[in-house]
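Line by line, the protein sequences are chains E and F.
Oh and the first sequence: position 84 is 81 in this note's numbering, straight run, nothing missing.
Here this note's numbering runs 8 ahead of the position in the second sequence, where the first position is 1.
Below is one structure, written out as structure tokens; comments come after it.
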Amino acid sequence: MTTSPASGTRADDADDADEADDCTVAVAARATDLTKVYGQGETRVVALDGVSITFRKGEFTAIMGPSGSGKSTLMHCMAGLDAVTAGSARLGDTELSVLKDKQLTRLRRDKVGFVFQAFNLLPTLTAAENITLPMDIAGRKPDRLWLEKVIETVGLAGRLSHRPAQLSGGQQQRVAVARALATRPEIIFADEPTGNLDSQSSAEILGFLRNSVREMGQTVVMVTHDPVAASYADRVVFLADGRIVDELESPTAEAVLERIRRFSTGSSHG
Amino acid sequence: MSRTALRNVLAHKARLLMTAVSVMLGVAFVSGTLVFSDTLGTAFKNQSAKSYAHVAVAISSNASGSNVGGGIRPKARGLAAGKGFTQQTLDKISKLPGVASAVGRVSGFAGAADSKGKLIGNGWSNTGANFAPGPDGKDPRYTFVAGSGPAQTGDVALDKDTAAKGGFHVGDPVEVATNGPVKTYTVTGIFTTDDGAVTAGGSLVLFDTASAQQMYLSPGHFQEITAAGAKGASQQQILEEVKQLLPKDGTADTQTGKQLADAQAKQIEDSFSVMSTMLMVFAAIALFVGIFLIANTFTMLVAQRTKELALLRALGASRRQITCSVLTEAFIVGATASAAGLALGVAIASGLHTAMSGFGAKVPAGPLIIASTTVVAACAVGVLITMLAAWLPARRAARIPPVAAMTSAELPASAKSLLLRNTIGVILTGGSAGLVVAGAANGDSSGRWPVGIGAFLLLIGLIVLTPLLSRPVLAVVRPPLARAFGVCGNLAARNAHRNPRRTAATASALAIGLTLITGLSVLGVSIGRSLDKATVGNLSADYMVRMAGGMPLDPSVANEISKVGGVTAATALELAYIDIGGKISAVTAADPRGLAETVQVSMVTESRSPQKALAEGKVLVENKTAKSRGWKTGDVVRVSYPDGTKAEVTIGGTFADNLVLSPVVMSDSLLAPHMGKPEVPQVLVKTAGGASAKMAQAIADGLGNNPALSVMDRQKIRNTFGGLINNMLTLMYGLLGMSLIIAALGVVNTLAMSVFERRREIGMLRAIGLERGRVKRMIRLEAVVISLFGAVSGVALGLFIAWATGRTISADLQGYVMVLPWDRIAIFLGLSALVGILAAVWPTRRAARLDVLDAIKIS
Ligand SMILES: Nc1ncnc2c1ncn2[C@@H]1O[C@H](COP(=O)(O)OP(=O)(O)OP(=O)(O)O)[C@@H](O)[C@H]1O
Ligand SMILES: [Mg+2]
């Protein structure tokens, strides 16, 4: 098992991984029997209970489920932000559970993009500086052409020298999305990225995320409570009590809503 | 409301920690000083009362010879030198009806040498005195622990510590140096005493009375007589009786034992009050620095509670109530910290007391005195400072509008208040800088007040202006920092920039200390350099021979030295205090030719050689003195010599500042007829081949290797004269270190606050790939940036003030040139950077330990 950052082009890596995993579709991340337990004794909480899931390359996955079902936990474990209790979390061909803090930090920097619900940006930096922050941290020169394309896509061209405090919530989230895209990570994790936004801004952000998947071949995993947001994804995975309970391909808002309704009545009936 | 305050204090214990510590340190400084000086003062007072318990009346003469240890100094030194008291006078006094017994005393310098020939004791209070047994064979001043008092020539008794240090026992031979040649004596006894010479860390050698008289005065004469009262006789009554027996020529000074004890107690108290005043000044500086830290903390606490306070206001709390609740918090913090500080201060005082005895200074034992005024003062200071510092934050808290409870945004510092602050700052800084420059422009002492007041206001003005100054400074340092440390450097500079008020307050705390340290260093080094010029620079002699402890040399020393091969001139510089033109003045008397060979007397007026003028019986006067007395070359002034003779002398010229010489110089032959035994503090030696180790040894050999004599080459002379200034600087550095510690606590406080407030940001940075190490570096750099900002502004201000102050003293200190001790300044800046790095240790560790998820989840 190699932990060194992959070299060569993205396509090559994907092919190698395919062969190694003997799969037909390129895999961006995979959880196998992933278990996460918080606390001990009376305060013991099983946040994830043997979750196995594969996030394919170039796919937009939405994760849904009731509050406390383990959505964020799953994302944090897959992104190398939290240690797993048992099972395996792999990013590309890297097993995360064996990595040390420094290696995890490196991996997040080089291979993962993040969009949080709030507080994505450093208030002291301008929008442009926030976007290139991961590259600055890595000490890499940003790819100018790509950067321009990303900025153009998220429609920030006129606001680059503004500070976060001078931007609206929607604009701030756009900067966060641009930052996540700018490094061309292997996978982007977004935890309720539209949770604080109105429907208009939400639609924009979700549009960018979907376009990045369609046009740039990006892999995106997004946690959401909103069926409409979920409908932008290629598939929806439903979590409950730390387990995957359902999956829906090419969802529509109605279908998602339907599932949730069914799901909640199902669970309330026992 | 006060319950809320207490809850708030308890809830923010950790964040109030640094504030409490800074108040505690300041209060400890204050109370430690008070307790220490009270304790020592009382102990010394008790001791002096005890040491004069057996003295009803003391009669002292200002006869030549010095009484170092006894504490009874001829008050009008040099006014009129008597020959002392005869045995006859003593007998007459002891037969007075009110007098039980009377003892004659004579004392001067004496030091015992250890086996290596080195002087035992501190060198400046090595005393010799006569052992004067009463009819019972005992001298009440001394308690013998072994053997008995010296009875004949060749016997000595030593104080216990000296005997122990030299390993002497009764019957051992001991080499004793006096201002004459070294002689070997036999130890007949070892004693304990509360004599001042011994308690000050010196030594006391007792001789038989005849030998002591021979050595220190003249046979059969005493410098001092102490009479013990008979039962029922009042001290005043005895005093009157004694006065009848004494000549009325003013050569004798009589005092009762009580007066003496009181005088000594007063003298000790005065010397302590100087010390405690100085300590208090530094305590005040430390507390002043602490204000910034406290203000920062309360500002942050108020900012964090904006919503809560707004809610209280919305629920109907008045502004006044909000202010009160914040001030109550400050009161609780101040009172708690003061109590702790008081305890710490008492501990420090008792520690100091012990430590001082450990360093050889024999401080009398005594109980720790914790006066009620000390407790009140310490607590009042601590509480008031804390509440004062919290005043502005409390007012700001009261101004939070109730609507802030509903709005999500945090209230930024209003631009208007900074505008007002900056305007005040610019006016204050500009005005006071002008005042300083104007004061310095005169170039004489008349500018001292404007410069002093201006400097203080300038410091305040700069503190007010620091937030404004921080912007351009941080903007300038950001690019190089970003280049050197990448994203960490960039973020560090921006973070430091983020809260200008807080950064400014933190930096100012450090700047105050650095201003004082730099100013004092520049002045100290410059004055030292000019003193150096005024001493060594005016000296053509290769050596200066002196006695330990500034004791006079035996007049024969110059003669002995001149016999040493290779010595071309050995000039005794005699010192006398003479009434010239109605005012006592120190006078140097020397052989004109010898003086010309060893000292460069640069004449200001009168181009004729100083040697010639002196040889003609004229006197030379230091230029500064001549100016202040209104004397000109050629003037004739009235002189009243120590023996009472009145005469007139002509002023032969004025000379430039010269620290080797007294303000008035005359020929030794002019003075000799009017003096008994001349007092020679130093002999200057010029050699044919210049200074060398061999030459120095030859001179020492020629003087019988007297351990009490020091043969100083030019470097040693330099150290002796400059040493005082260096010691003072070291002391100042030590005391100012306290304010630096508090400033460092302020940096810790600010960083801890910043880390706490930015934990989400730090979590986000960690999430997107910033390693722990670089998070630490980012915070450390911020600390260093803030510290250096404070340090550089402090150094700059310190240099400016030192320049201005230097201008005002340059007139009194000829040859004063400002010297910039770049090495020291570099060290100060280095230390400030180190302060930043050290202050960052704890906050960086906290930041690095932040759990990424916790930080993200807070939102
Ligand atoms: N640090 C922690 N310590 C203890 N328990 C935790 C911790 N973090 C999460 N949990 C628990 O794990 C479970 C899953 O939490 P998680 O945050 O993943 O839920 P979620 O699905 O993201 O919920 P939401 O939709 O409200 O964000 C919950 O029961 C939660 O209480
Ligand atoms: Mg969640």
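Even glycine gets a Cβ: it sits at the ideal position worked out from N, Cα and C.
Since this is a predicted model, take the numbers as computed values, not measurements.
Secondary structure at E687 of chain F: coil, using DSSP grouped into helix, strand and coil. Not a single C-beta of chain E is nearer than 8 Å to the C-beta of R853 of chain F. If you ignore the 5 residues before and after L254 of chain E, its C-beta comes within less than 7 Å of the C-beta of P224, all in its own chain and listed in chain order. In the three-state reduction of the DSSP assignment, V444 of chain F falls in the helix class, which pools H, G and I. Nearest neighbour of C496 of chain F by Cα position, chosen from E:K54, E:L130, E:Q215, turns out to be E:L130. S818 of chain F carries a coil assignment under DSSP once its states are collapsed to helix, strand and coil. Not a single CB atom of chain F sits nearer than 8 Å to the CB of P190 of chain E. At a threshold of 7 Å, V220 of chain E counts as near ligand 2, since its beta carbon sits closer than that to one of the ligand's heavy atoms.
Residues of chain F whose Cβ lies closer than 8 Å to the Cβ of T121 of chain E are, in chain order, L499, R502, N503, H505, R506. Residue selection by CB proximity (closer than 5 Å to any heavy atom of ligand 1) returns E:Y35, E:V42, E:A44, E:S64, E:G65, E:S66, E:G67, E:K68, E:S69, E:T70 in chain order.
Per DSSP, F113 of chain E lies in no beta strand (DSSP E) and is assigned neither H nor E. In terms of beta-carbon proximity, D133 of chain E lines the interface with chain F, with at least one pair separated by less than 8 Å. Residues of chain F whose Cβ lies closer than 7 Å to the Cβ of H73 of chain E are, in chain order, L861.
A residue is called buried once 16 or more other Cβ atoms fall within 10 Å of its Cβ, and K54 of chain E is buried on that count.
The continuous beta strand (DSSP E) containing K654 of chain F extends over residues 654 to 663. Annotated three-state conformation of R854 of chain F is helix, per DSSP. S211 of chain F is not a Cβ neighbour of G145 of chain F, given a cutoff of 8 Å. Taking 8 Å as the cut-off, the beta carbon of V95 of chain E is found no closer than this to the beta carbon of T32 of chain E. At least 8 Å separates the beta-carbon of T613 of chain F from that of T658 of chain F.
For T135 of chain F, the enclosing beta strand (DSSP E) begins and ends at 134 to 139. For T192 of chain F, the three-state secondary structure derived from DSSP is strand. Short note on D188 of chain E: C-beta closer than 7 Å to some heavy atom of ligand 2. Taking 8 Å as the CB threshold, E790 of chain F stays off the interface with chain E. DSSP, read as helix, strand or coil, puts R156 of chain E in helix. In the structure shown, Y741 of chain F falls within a helical segment according to DSSP collapsed to helix, strand and coil. Within the model, the alpha-carbon separation for Q275 of chain F versus G49 of chain F is close to 10 Å.
Taking 4 residues as the minimum length, the alpha helix (DSSP H) runs contained wholly in the region 769 to 849 of chain F are 780 to 817, in order along the chain.
Shown here is that no member of the region 29 to 42 of chain E has a Cβ falling below 7 Å from a Cβ of chain F. Here the region 595 to 614 of chain F makes no contact with the region 720 to 740 of chain F; the two share fewer than three CB pairs at distances below 8 Å. Annotation: the continuous alpha helix (DSSP H) that includes G265 of chain F extends over 265 to 312.
In the pairwise beta carbon analysis, the region 507 to 523 of chain F is classified as not touching the region 691 to 710 of chain F: fewer than three pairs are separated by under 8 Å. Assigned with DSSP and collapsed to three states, H361 of chain F falls in helix. At a Cβ-Cβ threshold of 8 Å, I241 of chain E and A25 of chain E do not count as neighbours.
Within chain F, no residue has its CB atom less than 9 Å from the CB of L178 of chain E, the nearest being about 13 Å off. DSSP places Y224 of chain F in the helix class (H, G or I) of the three-state scheme. Beta-bridge partners of G237 of chain F (DSSP): F:V107.
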